[in-house]
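First comes the structure, then the notes that go with it.
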Amino acid sequence: MKAFVASIVLLVGATSALAQMSPVGLWRTIDDKTGEAKGEIRVTESGGALAGRLERSLKKDTKPDATCDECPDDRKGKPITGLEIVRGGTKAEGKDVWEGGKILDPENGKEYRASFTPIEGGQKLQVRGYLGPFWRTQTWQRVQ
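Numbering-wise (my numbering), the sequence shown opens with residue 110 and increments by one.
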């Protein structure tokens, strides 16, 4: 009986650990230059594809009614808060990485190819944006 209970506890623990190795959740973005928190992004998954919305800006100078004036597509003129900045991205077979997505920088309206890799047991998310042969990586911190 003790062995059965122990195996159930291990199974539940392993399942919750695996669930965290996903980009799905609430993430805090950090400014590369200042090291300060910039915003919180809610990443969801539907039909195997990722989507991410800016839930709130943490920058002191962001106006509550700010819009994405530089966005080139259907997001142009939309409020920054609630803006979908992550589109697409599916889990690569046999890897803990989601590829093929796009990420939008609402400050300049540029969209980049992106990959998303949970690291440090799923407590951080490595977000890599690509423009041609060049790339830049940010590390987001899990809020929940």
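From the three backbone atoms N, C-alpha and C, an ideal C-beta is built for every residue, glycine too.
- Scanning the segment 169-232 for uninterrupted beta strand (DSSP E) segments of 3 residues or longer gives 193-196, 207-214, 219-228, listed from N- to C-terminal end.
- Judged by DSSP secondary structure, SER131 falls outside any beta strand (DSSP E); it is assigned neither H nor E.
- Taking C-beta atoms under 8 Å as the contact rule, THR248 and LYS233 qualify, at a distance of about 5 Å.
- Excluding residues up to 5 positions away in sequence, LEU135, GLY161, ARG162, GLU164 lie with their Cβ nearer than 7 Å to the Cβ of ARG151 in the same chain.
- CA-CA distance, GLN235 to GLY198, rounds to 14 Å.
- Under the DSSP assignment, THR248 falls in the beta strand (DSSP E) whose first and last residues are 243-251.
- Looking at GLY156, SER131, LYS187, LEU213, the one whose alpha-carbon comes closest to that of ILE194 is LEU213.
- Membership of LYS147 in the beta strand (DSSP E) is indicated by the continuous run 146-155.
- In this structure THR143 is exposed. Its beta-carbon is surrounded by fewer than 16 other beta-carbon atoms within 10 angstroms.
- Between ARG237 and the set ALA223, THR190, PRO173, PRO227, the nearest pair of CA atoms involves ALA223.
- For TRP244, the CB contacts under 8 Å within the same chain, skipping 5 residues up- and downstream, are ARG237, GLY238 in chain order.
- Of the candidates THR138, CYS177, ASP141, LYS172, the residue whose Cα lies closest to the Cα of LYS219 is CYS177.
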